[in-house]
Amino acid sequence: MQPNNVVDDDHRDDIVDQIIRNCLDQDNPRSFFLFAGAGSGKTKSLIDALNFFLDKYGHQFMELRRNIAVITYTNAACDEIKRRVQYNPLFQISTLHSFAWTLIQPYTKDIKDFLFTDLSQRIEEYEQKQATGRKNSQAYRDRAHKITAYRERREKLKDIKKFIYNPDGLNTEKNSLDHDEVLRICAAFLTTKQTFQDIVVDRFPVLLIDESQDTKKVLMDAFLTLEENHRGKFCLGLLGDVMQRIYLDGKERIQDCIPTEWAKPCKKMNHRSRKRIVTLCNDIRRPIDGIEQIARQDKPDGIVRLFIVDRNADRILTEQSIQEKMSTCTGDHKWLDSSKNKYLTLEHHMAAKRLGFDDFFAPLYKVSSYKQGVGDGSLSIVSVLSKIIIPLFIAHKENNRFAVMQLIKQYSPLLRESAKRHSFSDVKLKQLHESTGKLLELWNNENDPSCIEILRIVHKEKLFELPSDIEILITQTEEEEQECTEDQLEKIDALEKAMNVPFSHFIKYYEYVSGNEGFDTHQGVKGLQFERVMTIIDDNESQGTTFNYEKLFGITEMSNRDFTNQQQGKETTIDRTRRLLYVTCSRAIDSLAIVLYVDQVDLAYEKVQACGWFKSDEIEKVI
2 MQPNNVVDDD
12 HRDDIVDQII
22 RNCLDQDNPR
32 SFFLFAGAGS
42 GKTKSLIDAL
52 NFFLDKYGHQ
62 FMELRRNIAV
72 ITYTNAACDE
82 IKRRVQYNPL
92 FQISTLHSFA
102 WTLIQPYTKD
112 IKDFLFTDLS
122 QRIEEYEQKQ
132 ATGRKNSQAY
142 RDRAHKITAY
152 RERREKLKDI
162 KKFIYNPDGL
172 NTEKNSLDHD
182 EVLRICAAFL
192 TTKQTFQDIV
202 VDRFPVLLID
212 ESQDTKKVLM
222 DAFLTLEENH
232 RGKFCLGLLG
242 DVMQRIYLDG
252 KERIQDCIPT
262 EWAKPCKKMN
272 HRSRKRIVTL
282 CNDIRRPIDG
292 IEQIARQDKP
302 DGIVRLFIVD
312 RNADRILTEQ
322 SIQEKMSTCT
332 GDHKWLDSSK
342 NKYLTLEHHM
352 AAKRLGFDDF
362 FAPLYKVSSY
372 KQGVGDGSLS
382 IVSVLSKIII
392 PLFIAHKENN
402 RFAVMQLIKQ
412 YSPLLRESAK
422 RHSFSDVKLK
432 QLHESTGKLL
442 ELWNNENDPS
452 CIEILRIVHK
462 EKLFELPSDI
472 EILITQTEEE
482 EQECTEDQLE
492 KIDALEKAMN
502 VPFSHFIKYY
512 EYVSGNEGFD
522 THQGVKGLQF
532 ERVMTIIDDN
542 ESQGTTFNYE
552 KLFGITEMSN
562 RDFTNQQQGK
572 ETTIDRTRRL
582 LYVTCSRAID
592 SLAIVLYVDQ
602 VDLAYEKVQA
612 CGWFKSDEIE
622 KVI
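Quick note on the working numbering: the sequence shown kicks off at 2 and runs consecutively.
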């Protein structure tokens, strides 16, 4: 039995939840910034606060048609919170982009005015640069292309009756807004339009923002301004951890922007990870703010290992060997089963090489306009291949003719047109059957056709609608190709390379972006947790400049820019990398393997030992 003056792990942070409840008092609302480190139970505190509010003010708010707004970072997080509050309509739970669109959607004329001014300013800026630019340079041609595009869009504004926006889509229609525009418009309205501010505060007297450290700076600044202008009748609750800010467009040093009038509760516990992992995370963050978490007493110590590997080693064989080593030192045989572990790479292409879809992924990822879409699976051609072709392939392999016909019925314009005319002639149905057969025959005898072979038949038989980029790739003549811009040629070349890979490579890619493989990026797992984690680090393979783990460990020297930024109190590469390492390490519940690929193993071993984060028996050289 514990002494009365000893607080157990489950109740150590109870005071935090009470502070939040006090802040939500509608007779005296108070804004707050909740510091909640990794595994601290931040989501539990959020849910408890929402349930408290529902019990005390729910009826009142529903009568007044008011809501509590909750902004979370991902759709998955939205769904989880909605489920845990039983989908109560009092709470409007959405991502940042969805919430911003909800606010601005009714104001078509104001959006037009904003865009007209914004586009005009951009045109003027580029024209000024053109006046002094070198005419034959690529930069000059790119600016010219943008000027033309901006002018065309400005001209089309007058014909738009209503704007559209999909938070999860590419938004390529002439009347659609892009993701950045939605946030900038919302921020502008929140800071310049008094009536808009009043409407927002009246409808959402409480706004809670999860992962606030990664909220887009432009909108976070707007929310802070809104709170300052309506203090005493508006509660802005920010929940997060500045050590877990991993996106550069978030609000840097948000903790320094919090007014003194706000409450600043802090959760001390880490309920997720075993003690050794918590200790490592504390060591990593200590130079930043000195904040340390407390591990649960009822959790075992846990295992951490750092493997320093020669960069020339075979990645796949090495990582398999490390799985075996982790199984031995932990006594956990699940390490031997790749499906039971989470592998974290810094960039998507590192996973692509390991999972066998790099030939599909790499060409598309190099094209700036395709990069996001192929990274998250939202690219239009990905949708066609995943939503239609993969299910058709599976149905064919299973000899499920009914499923085949259901897919044809759902997606084929041939059947759609017949349905409109209520005319399903035998000739038409026979033609459709033959066209479908030509497509499915590609997989007979265990064949693995290329994506382009599949798409050519789809196009020739008019089975399904294809994105315009693919239509151009299939139908374009040499003469037409000569008239293409450099941007268009870049896209065509990338698509040609990607579509020539076997369809099985695309399936591997889609399994990855669907989250069905054990791989993810360092950035993509924020907010998640896994029993066994392998963090794979290779600054060369990642090909990025934003993060540098060898600088963090002292293996390579800081750059002059790093020194300058450090002297000026600005963020350095090391700062960003430290935060990212903290995020990846804190995902682990039971055991953590860090795999560090370097050119100089002995030097790296020496530097890692010197940093003091790992015990000698936790570091192993793999040559």
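Ideal Cβ placement from N, Cα and C applies to all residues, glycine included. In this text the structure is predicted, and so the values were computed from the model without any measurement.
Item: Just verifying my parser: in three-state terms, what is the DSSP assignment at residue 1?; Value: As displayed, the chain neither begins before 2 nor continues past 624, which places residue 1 out of reach and without an answer.
Item: Throw me the rounded Cβ distance for the residue 37 and residue 241 pair, which I believe falls under 8 Å.; Value: 7 Å
Item: Can you tell me which residues form a DSSP beta bridge with residue 521?; Value: 345
Item: Any chance the region 390-404 sits against the region 543-552, with 3 or more Cβ pairs inside 8 Å?; Value: no
Item: Roughly how many angstroms lie between the CA atoms of residue 113 and residue 223, to the nearest whole one?; Value: 20 Å
Item: Are at least three pairs of beta-carbons, each pair with one atom in the region 159-170 and one in the region 89-109, less than 8 Å apart?; Value: yes
Item: At a cut of 8 Å, does the region 500-510 reach the region 302-309 through at least three beta carbon pairs?; Value: no
Item: Using the Cβ count rule (16 or more neighbours within 10 Å means buried), how would you classify residue 216?; Value: buried
Item: Going by DSSP in three states, residue 378 sits in which element: helix, strand or coil?; Value: coil
Item: Note down the Cα distance separating residue 522 from residue 248, rounded to an integer number of angstroms.; Value: 13 Å
Item: From residue 589 to residue 528, what distance separates their C-alpha atoms?; Value: 11 Å
Item: Are residue 268 and residue 121 closer than 7 Å when you measure CB to CB?; Value: no
Item: Determine the burial state of residue 487: buried for a count of at least 16 other Cβ atoms within 10 Å of its Cβ, exposed for fewer.; Value: exposed
Item: Applying the 10 Å Cβ sphere with the 16-neighbour rule, what's the burial state of residue 519?; Value: buried
Item: Mark residue 140 as exposed unless 16 or more other C-beta atoms lie within 10 angstroms of its C-beta, in which case mark it buried.; Value: exposed
Item: For the alpha helix (DSSP H) that contains residue 328, what are its first and last residues?; Value: 316-331
Item: Might you give, ordered along the chain, the residues of its own chain that have their beta carbon closer than 7 Å to the beta carbon of residue 59, omitting 5 neighbours on each side?; Value: 91
Item: Take residue 289 as the anchor and find which of 317, 557, 573, 516 has the nearest alpha-carbon.; Value: 573
Item: Tell me whether residue 503 sits in a helix, a strand or coil according to DSSP, three-state version.; Value: strand
Item: Where does residue 370 sit, in a helix, a strand or coil, going by DSSP?; Value: helix
Item: Could you pull the start and end residues of the alpha helix (DSSP H) that residue 155 belongs to?; Value: 139-157
Item: For residue 264, which residues of its own chain have a beta-carbon under 7 Å away from its beta-carbon, when the five flanking residues on both sides are left out?; Value: 20, 24, 31, 33
Item: How many Å lie between residue 43 and residue 50 at the Cα?; Value: 11 Å
Item: Nearest by alpha-carbon distance to residue 594: which of 270, 211, 322 is it?; Value: 322
Item: Measuring straight from C-alpha to C-alpha, what distance separates residue 337 and residue 619?; Value: 19 Å
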